[in-house]
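Peer 1: Would you mind keeping the following structure in view while I ask a few things?
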Ligand code: PMP
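As structure tokens, this is what we get:
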């Protein structure tokens, strides 16, 4: 087709049309440089300006305080599953993990290679349909850090509070809800995110790190997995993902034009509120996540049967509502409604849900 669809993909996911159009306008000749950002040296003056401005914009929008560094890395959020224990576990040899979904479970298993890892909470016995409360966290006083995943992309659950861990540094995977709500960065040791859901194309991994946590890596830590290497070289030890960083810059301008992080939070509440209300009022559909743990980013739901789910997805696709099939491990449906999803897209989805509910 020639029309753009409303794309509910969990990631990589949709980017605002304005951002894509600006990238298109600059793609062969970036601001009179005679070349595309894809073609220029990462050490050039032109790219250095893009890099520094993007880093500053990101830090400003996230409210990154003194004593923290913003890193633009590669290897996806998954590389952080190794990088975190490699760099942080040496403090006590131990760490606490909250296992609330697929990705925190992978992170937990990876960390076990490097130290004594304690499961501070697990929602596995209830198919990861809820987020543990503060009271349910079994915290160790001597953990090097406490690890959790703020939003569980596959299960559609999201932490509605910041865990209290005393002096134990918080490490958080914000891959699927970064910049969708205000975050008090000073409460964290490390925040990281793959950029491909809320902020940019795939290939860029965002890290905010409290500077004093770096430099204590295990002796065999690969050079490229050492936060200190990347801090010392301002993420330019090697060639960074230049194009993705440029695209992040365009996206951050768009975020600013749309009310900044507070604006993103307002939009996400509108989108998620509308969708959950429509699903709750339907006859046919049930939401997977328990109330109080529901994600504003990934809304997971199902109808009465897998056959009806398949019919829903097929008919929605024909209406220009794309990528609504749930993750292969859980089935059902999933609507990922990140920063770039227009409210209008969710309105269309809600209309479709109501029609499908009446007709089936
Ligand atoms: N954490 C979360 C919460 C995710 O949703 C994903 C990807 N879907 C990952 C980590 C893994 O990210 P990547 O593919 O960038 O390694």
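In the numbering used here, the protein residues as written are 5 to 364.
C-beta: ideal position from N, C-alpha, C; glycine also.
1) May I ask whether a heavy atom of ligand 3 can be found less than 7 Å away from the beta carbon of residue 176?
2) Any chance you could list the residues with Cβ under 6 Å from a heavy atom of ligand 1, keeping chain order?
3) In the structure shown, what three-state DSSP assignment does residue 80 receive?
4) So, at 7 Å on beta carbons, what are the nonlocal neighbours of residue 44 in its own chain, with the 5 sequence-adjacent residues on each side left out?
5) Taking 7 Å as the limit between beta carbons, can you name the residues of its chain near residue 4, skipping five residues before and five after?
6) If you check the beta carbons only, do residue 281 and residue 185 fall under 8 Å apart?
7) Determine the direct distance from the alpha carbon of residue 42 to that of residue 33, and round the result to whole angstroms.
8) In terms of residues, what are the limits of the alpha helix (DSSP H) holding residue 55?
9) Could you say which of 174, 70, 357 and 324 lies nearest to residue 93 if we only look at CA atoms?
10) Counting only C-beta atoms, is residue 96 closer than 8 Å to chain B at any point?
11) Report the rounded CA-to-CA distance for residue 84 versus residue 115, giving the unit in angstroms.
12) Does the region 75-84 come within contact of the region 119-130, defined as at least 3 CB pairs closer than 8 Å?
13) Residue 279 to residue 148, Cα distance in whole Å?
14) Considering only C-alpha positions, which residue in the set 221, 17, 31 and 250 is nearest to residue 97?
15) Decide if residue 103 is buried, meaning its Cβ has at least 16 other Cβ atoms within 10 Å, or exposed.
16) Is the region 329-346 touching the region 18-25 in the sense that three or more CB pairs, one from each, lie closer than 8 Å?
17) Answer with buried or exposed for residue 131, where buried requires no fewer than 16 other C-beta atoms within 10 angstroms of its C-beta.
18) List the endpoints of the continuous beta strand (DSSP E) containing residue 174.
19) Inspect the CB distances between the region 152-161 and the region 178-195 and report whether three or more fall short of 8 Å.
20) Between the alpha carbons of residue 143 and residue 150, how many angstroms are there, rounded?
21) Kindly indicate which three-state DSSP category residue 100 falls into: helix, strand or coil?
22) Would you report the Cα separation of residue 348 and residue 140, rounded to the nearest angstrom?
23) The beta strand (DSSP E) that contains residue 151, what's its start and end?
24) In chain order, which continuous runs of the beta strand (DSSP E) of length 3 or greater are located wholly inside the region 292-355?
25) Excluding five sequence neighbours on each side, which residues of the same chain lie with their C-beta closer than 8 Å to the C-beta of residue 205?
26) What number of angstroms, rounded off, separates the C-alpha of residue 40 from the C-alpha of residue 30?
27) Between which two residues does the alpha helix (DSSP H) carrying residue 108 extend?
28) Alpha carbon to alpha carbon, how far is residue 101 from residue 316? Give it in angstroms, no decimals.
29) Under three-state DSSP, which class holds residue 221?
30) Keeping to the same chain, check which residues put their C-beta closer than 7 Å to that of residue 169; ignore five residues upstream and five downstream.
31) Let me check understanding here. Comparing Cα to Cα, which of 255, 213, 256 and 192 lies closest to residue 235?
32) Applying the 10 Å Cβ sphere with the 16-neighbour rule, what's the burial state of residue 300?
33) Does residue 10 pass the burial test, meaning 16 or more other C-beta atoms within 10 Å, or should it be called exposed?
34) Can you look up residue 277 in the DSSP assignment and give me helix, strand or coil?
35) Can you tell me whether residue 283 is buried or exposed, with buried defined as 16 or more other CB within 10 angstroms of its CB?
36) Under the assumption that residue 275 contacts residue 289 (Cβ atoms under 8 Å), give the Cβ distance between them as a whole number of angstroms.
Peer 2: Let me lay it out:
1) Absent from the structure shown: ligand 3. Ligands present: ligand 1.
2) The set of residues with a C-beta under 6 Å from any non-hydrogen atom of ligand 1 comprises 15, 80, 81, 82, 107, 153, 157, 177, 179, 180 and 198, given in chain order.
3) Residue state, collapsed to three classes: helix.
4) Closer than 7 Å at the Cβ level, and outside the excluded window around residue 44, lie 37, 50 and 51.
5) In the structure displayed, the chain extends from 5 to 364; residue 4 sits before or after that span and is not available.
6) Their beta carbons are not under 8 Å apart, which means residue 281 does not touch residue 185 by this criterion.
7) Each residue's alpha carbon lies about 10 Å from the other.
8) Counting along the chain, the alpha helix (DSSP H) containing residue 55 begins and ends at 49-66.
9) Minimum Cα distance to residue 93 is reached at 174.
10) The chain inventory of the structure shown lacks chain B, comprising one protein chain alone.
11) When rounded, the distance between both Cα atoms is 10 Å.
12) Not touching, per the Cβ criterion.
13) In a straight line, the C-alpha of residue 279 is about 39 Å away from that of residue 148.
14) Ranked by Cα distance from residue 97, the options 221, 17, 31 and 250 are led by 221.
15) Counting other Cβ atoms within 10 Å of its Cβ, residue 103 reaches 16 or more and is therefore classed as buried.
16) Because the criterion of three Cβ pairs below 8 Å is met, the region 18-25 and the region 329-346 touch.
17) Its Cβ having fewer than 16 others within 10 Å, residue 131 is exposed.
18) 174-177 is the span of the beta strand (DSSP E), which, as asked, contains residue 174.
19) The answer is yes - the region 178-195 touches the region 152-161, with three or more Cβ pairs under 8 Å.
20) So the two alpha carbons sit approximately 8 Å from each other.
21) Residue state, collapsed to three classes: strand.
22) Just so you know, the alpha carbons of residue 348 and residue 140 end up roughly 39 Å apart.
23) Per DSSP, residue 151 belongs to the beta strand (DSSP E) from 150-153.
24) Counting only runs of 3 or more, we get 302-306 and 337-340.
25) Excluding the 5 residues flanking it on each side, residue 205 has same chain C-beta neighbours closer than 8 Å at 16, 19, 199, 247, 248 and 251, in chain order.
26) Distance between the alpha carbons of residue 40 and residue 30: 7 Å.
27) Annotation: the continuous alpha helix (DSSP H) that includes residue 108 extends over 106-115.
28) Whole-angstrom Cα-Cα distance: 37 Å.
29) The answer is coil: DSSP assigns residue 221 none of H, G, I, E or B.
30) Taking residue 169 as the centre and dropping the five residues before and after it, the same chain places the C-beta of 143 and 150 closer than 7 Å to its C-beta, in chain order.
31) Nearest C-alpha to residue 235 among 255, 213, 256 and 192: 213.
32) It is buried - the Cβ of residue 300 has at least 16 other Cβ atoms within 10 Å.
33) So residue 10 counts as buried.
34) Residue 277 falls in the helix class under three-state DSSP.
35) It counts as buried.
36) Taking a contact as a CB-CB distance under 8 Å, the pair residue 275 and residue 289 does not count as one, their CB atoms being some 17 Å apart.
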